[in-house]
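The first sequence finishes on residue 300 if you use numbering that gives the first Met the number 0, and the numbering steps up by one all the way, no holes. Encoded as structure tokens, the structure appears first; notes follow it.
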Amino acid sequence: MFNKLLVISGPTATGKTDLAVELAKKYNGELVSGDSCQIYKGMDIGTGKDQPEETPIHLIDIVTPDQKFSVADFQKIGLETIKEIQSRNKLPILVGCSGFYIDSLINPNYTTFSVKPHKIWRFISRLCSVKTLQKIYQFLDPENFSKLNHSEINNHYRLTRKIEIKLFSPKNKNLTLNNNDFDLIHVSLTAPMDFLYHRIDARVQKRIDIGFLDEVKKLLKKYKWTDPGMQIGAYQCLRPYFENKKDLDSCLRNWCYAEHSDARRQSCWFKTKSNATFFDITKTDFKKQIFTLVSRWYTKL
RNA sequence: AGGUCUGUGGUGAAAUGGUAUCACAGCAGUCUCCAAAACUGCUUUUCCAGGUUCGACUCCUGGCGGACCUG
């Protein structure tokens, strides 16, 4: 059975899609987007969707901005999509920058808690302070509470979720293994940060030039600033401008900064949590090296 | 040229004469249903030279720089 999966990851603005399209053409592939933002319909310029002309791309435009979408939804649809592509004997190429999402598809040890977000608990938790949540979790699960690190213990959302799992997971069957058995290769693109920052800044300006403000106006006719899709950084950075609280230039500067920060966190994820092979896109022969590596992997049985 | 105001990390600001603080940027990290999110740690500062004082970002004198007004 054909079970190959090519993964191309890396921070924003490293040219993943272009590379993926080239590889797709060579290996009869189809792209699967591993991007937590491009799933939203109508959010095109702000999320940097570029639709390749001849190569199919999956998992973009699957929900509207007012719909909730989580990594669990992504995992379900993602695995189905990859298997469907493989069943047609085509090569799925997972390409994106959301480490958390990509991990849910390719990490064989990834487990899923069968606990769905609990509406009443989430409502109550929103009224609680971090300190209160700490006390609740400490009471429910003193052992794991003592193991929390500095990030987790101060993180309102994660404490809420930990308590949720503790309270509502059914006994005995609270874990499901993601037992996929892909033959995968993971290529990750990198670049020196200041190089990426320049690219990001230029791209922000370009997005304004090609009509990003109109896109936001159009979205605002149908959706609210508080809708899930509208939480994306690019749109929130422009919010003060649309509410006449800040001038456009300072909003754009914040947008650039937000993307710098995204790029940093994204590359941190792949660097520390994946076992990808890394290629610096400022080196002249990085593509040649990738093609050699992929070719060796693709042709082996 | 004269007058007025003003000089604090890379940027913007705070500090009755008493441990120089905050935000942003930058760097490093955490991560299993918000992840372009949320959270953690770190780096970098009082224009210069004097004076007053136990003690000066703060008060005084001079220099240098900036802003505005008048000519």
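C-beta atoms are modelled at their ideal positions from N, C-alpha and C, and glycine is treated no differently.
Beta-bridge pairing of residue i - partner residues as DSSP gives them
{"i": "Asp-279", "result": "Thr-189"}
{"i": "Gly-33", "result": "For Gly-33, which the question treats as bridged, DSSP gives no partner whatsoever."}
{"i": "Gly-28", "result": "Leu-90"}
{"i": "Tyr-39", "result": "Val-62"}
{"i": "Val-6", "result": "Leu-93 and His-185"}
{"i": "Ile-119", "result": "Per DSSP, none; premise fails for Ile-119."}
{"i": "His-57", "result": "Val-31"}
Among the options, nearest to residue i - alpha-carbon criterion
{"i": "Leu-218", "options": "Thr-63, Ile-56 and Pro-55", "result": "Thr-63"}
{"i": "Trp-386", "options": "Ser-294, Tyr-156 and Thr-11", "result": "Nothing can be reported for residue 386: it is not among the residues displayed for the chain, which extend from 0 to 300."}
{"i": "Phe-99", "options": "Lys-244, Thr-110 and Val-70", "result": "Val-70"}
{"i": "Lys-165", "options": "Lys-282, Lys-115 and Phe-1", "result": "Lys-115"}
{"i": "Leu-81", "options": "Lys-24, Arg-125, Asp-180 and Pro-169", "result": "For the record, residue 81 in the displayed sequence is Ile; it is not Leu. The residue with the shortest Cα to Cα distance from Ile-81 is Asp-180."}
{"i": "Ala-12", "options": "Ile-289, Cys-36, Ile-280 and Val-293", "result": "Ile-280"}
{"i": "Ser-86", "options": "Met-42, Thr-131, Asn-2 and Pro-55", "result": "Asn-2"}
{"i": "Tyr-196", "options": "Ile-162, Thr-159, Pro-239 and Trp-254", "result": "Trp-254"}
{"i": "Leu-212", "options": "Phe-112, Trp-296, Gly-9 and Tyr-234", "result": "Tyr-234"}
{"i": "Ala-262", "options": "Ala-275, Thr-189, Phe-73 and Leu-251", "result": "Thr-189"}
{"i": "Lys-15", "options": "Leu-4, Asn-88, Tyr-26 and Gly-33", "result": "Gly-33"}
{"i": "Arg-252", "options": "Asn-143, Lys-244, Met-0 and Leu-237", "result": "Leu-237"}
{"i": "Glu-214", "options": "Ala-275, Asp-49, Asp-43 and Phe-138", "result": "Asp-43"}
{"i": "Asn-27", "options": "Ser-145, Gly-45 and Glu-53", "result": "Glu-53"}
{"i": "Asp-72", "options": "Asn-88, Thr-111, Pro-107 and Asp-49", "result": "Thr-111"}
Distance, residue j Cα to residue i Cα
{"i": "Trp-224", "j": "Leu-300", "result": "50 Å"}
{"i": "Ser-249", "j": "Leu-22", "result": "39 Å"}
{"i": "Ile-105", "j": "Asp-246", "result": "43 Å"}
{"i": "Lys-270", "j": "Phe-167", "result": "34 Å"}
{"i": "Asn-153", "j": "Val-129", "result": "6 Å"}
{"i": "Phe-290", "j": "Tyr-109", "result": "29 Å"}
{"i": "Leu-93", "j": "Arg-264", "result": "19 Å"}
{"i": "Phe-278", "j": "Phe-122", "result": "45 Å"}
{"i": "Glu-29", "j": "Tyr-240", "result": "39 Å"}
{"i": "His-117", "j": "Lys-146", "result": "24 Å"}
{"i": "Gly-95", "j": "Ser-273", "result": "14 Å"}
{"i": "Gly-45", "j": "Gly-210", "result": "10 Å"}
{"i": "Pro-191", "j": "Asp-284", "result": "16 Å"}
Beta carbon of residue i nearer than 9 Å to that of residue j
{"i": "His-185", "j": "Val-6", "result": "yes"}
{"i": "Ser-103", "j": "Cys-36", "result": "no"}
{"i": "Leu-78", "j": "Lys-286", "result": "no"}
{"i": "Ile-207", "j": "Tyr-39", "result": "no"}
{"i": "Gln-66", "j": "Pro-227", "result": "yes"}
{"i": "Leu-4", "j": "Leu-58", "result": "no"}
{"i": "Ser-266", "j": "Pro-55", "result": "no"}
{"i": "Leu-183", "j": "Thr-159", "result": "no"}
{"i": "Glu-258", "j": "Val-293", "result": "no"}
{"i": "Ile-101", "j": "Ile-135", "result": "no"}
{"i": "Ala-201", "j": "Ser-8", "result": "no"}
{"i": "Lys-205", "j": "Gly-41", "result": "no"}
{"i": "Ile-61", "j": "Ile-76", "result": "yes"}
| message | Threshold first: 4 residues or longer. Then list the alpha helix (DSSP H) segments lying entirely within the region 125-179, N to C. | response | 129-139, 141-144, 149-152 and 155-167
Open item on the list: Ignoring anything shorter than 4 residues, give me the alpha helix (DSSP H) runs that lie fully in the region 178-263, in order along the chain.
Closed with: 192-208, 211-221 and 232-241
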